[in-house]
Amino acid sequence: MTHVLKLLGGGWLAAVLGVALFGLAGTFSATTVSAESPPNPPARFVGSVKVDGTAPAAGTTIEARIGSATCGVTTTFNAGGESRYVLDSPALDPGANPNCGVEGAVVTFYIGGKKAAESGSWKNYELNTVNLTYTTPPSPTSTPKPPVTGNTATASSDAAATWLFVALGLGALAFGVGGATVARRSR
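Once you know that position 135 of the sequence shown is 147 in the numbering used here, the rest is easy, because the numbers rise by one and skip nothing.
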């Protein structure tokens with residue numbers, strides 16, 4: 013025992029206690045680390061943009077909505093003589109993007125705050141091409157054109173066709189009567 017005490021009395025005691033304390037320190041200060049999964053990728057929408065048949069100015073705002081939630085905003089740019097857009101609509105994240113990014117959700121688009129005629133389906137596994145258009149409705153103060161009810165040329169041609177059928181019918185009747193008369197004489 014004296015031999016052990018002599019060894020421990022030297023530098024060995026400090027070394028043994030240091031290793032023991034180091035091991036215990038790791039045990040008492042351990043924290044649980046949980047791996048978080050990466051966020052789902054967004055759905056990417058691309059396409060051309062036309063307002064009343066022409067390309068809007070570069071920088072026109074394009075907004076994607078799912079229900080009443082805004083799920084992506086971008087602006088137009090000019091490429092190849094047309095106005096185009098690229099928009100990423102984020103995946104569902106209850107904390108940050110509620111109501112966005114659910115597989116198959118209907119995505120409506122707004123061009124400069126006006127609802128586009130087209131909509132898309134949220135899919136984040138393929139590139140979604142949706143060419144957007146908006147047509148300004150006619151002004152309610154403009155006078156509507158009167159309905160087309162026909163013209164006299166059509167009416168007269170209908171009357172001529174009716175007389176043609178009557179004449180052909182009478183001709184066929186006369187031909188039939190004449191044929192019956194010839195047949196009786198030949199007996």
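Glycine included, each C-beta is placed from N, C-alpha and C at the ideal position. Keep in mind the model is a prediction, meaning the values are calculated, not measured.
When the beta-carbon positions are compared, Phe57 and Val142 come within less than 8 Å of each other. For Leu139, the secondary structure class from DSSP, reduced to helix, strand or coil, is coil. Sorting Lys157, Thr174 and Pro51 by C-alpha distance to the C-alpha of Gly107 places Pro51 at the top. Short of 7 Å from the beta carbon of Lys126, and not among the five residues preceding or following it, lie these beta carbons of its own chain, in chain order: Tyr146. For Asn90, the enclosing beta strand (DSSP E) covers residues Phe89 to Ala91. Looking only at Pro159, Val178 and Ala69, the smallest Cα-Cα distance to Tyr97 is reached by Ala69. The beta carbon of Thr88 sits closer than 7 Å to the beta carbons of Val61, Pro68, Ala70, Gly71, Thr72, Ile74, Ser95, Arg96 and Tyr97 from its chain, once the five residues preceding and following it are set aside; these are given in chain order.
Within its own chain, the residues whose Cβ lies closer than 7 Å to the Cβ of Ser101, once the five positions on either side in sequence are excluded, are Pro54, Ala55, Phe57, Ala76, Cys83, Gly84, Cys112, Gly113, Val119 and Trp134, listed in chain order.
Scanning its chain for C-beta atoms nearer than 6 Å, with the 5 sequence neighbours on each side dropped, one finds no residue around Thr153. Val178 and Gly65 have their C-alpha atoms some 52 Å from each other. Put simply, of Ala117, Pro149 and Gly116 the residue whose alpha carbon is nearest the alpha carbon of Ala129 is Pro149. Within the same chain, and ignoring the five residues on either side of Lys157 in sequence, no residue has its Cβ closer than 8 Å to its Cβ.
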